[in-house]
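In my numbering, the protein residues as written are 31 to 124.
Think of the CB as a built atom: it goes at the ideal place given N, C-alpha and C, for glycine as much as any other residue.
If you're wondering where the values come from, they're calculated on a predicted model, not measured in any experiment.
Beneath this line is the structure, given in structure tokens, with notes to follow.
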């Protein structure tokens, strides 16, 4: 599953988030959920099994795996006390 497929299954919201107004502003400031935040929104919409399936299928980039591990540390597969993708990359296969 590619990142494009992941975005199709879990699209970023089209709404904006209300934040407190800036000190010099007299109205509300709207922040668009684009870029970095959109992945976190999609990640939050997924169930734990969907996140694990997306990771195992290769849908997450290296940075996205790190964000997943920070947001949901109990869900990340571990091997000998190390996250799985690091342990597999450093395993001696001889």
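Can you find the residues in the same chain that come closer than 8 Å, C-beta to C-beta, to residue i, ignoring five residues on each side of it along the sequence?
| i | result |
| --- | --- |
| residue 99 | 106, 113 |
| residue 78 | 102, 105 |
| residue 97 | 69, 70, 73 |
Taking its Cβ as the centre, do 16 or more other Cβ atoms sit within 10 Å of residue i, making it buried, or is it exposed?
| i | result |
| --- | --- |
| residue 89 | buried |
| residue 84 | buried |
| residue 56 | Residue placement at residue 56 is poorly supported in this model, since its pLDDT is 44, which falls under 50; the coordinates are not used for a value here. |
Pull up the CB-CB distance for residue i and residue j, whole angstroms please, since I reckon it's below 8 Å.
| i | j | result |
| --- | --- | --- |
| residue 82 | residue 101 | About 13 Å; that fails the 8 Å criterion. |
| residue 95 | residue 115 | 6 Å |
Quick one: what's got a C-beta closer than 6 Å to residue i's C-beta in the same chain, skipping five residues either side?
| i | result |
| --- | --- |
| residue 109 | 117 |
Tell me which residues share the same chain as residue i and place their Cβ nearer than 7 Å to its Cβ, disregarding the 5 neighbours each side in the sequence.
| i | result |
| --- | --- |
| residue 80 | none |
inquiry  = If we require 4 or more residues per run, which alpha helix (DSSP H) segments fall completely within the stretch 82 to 117?
reply    = 92 to 101
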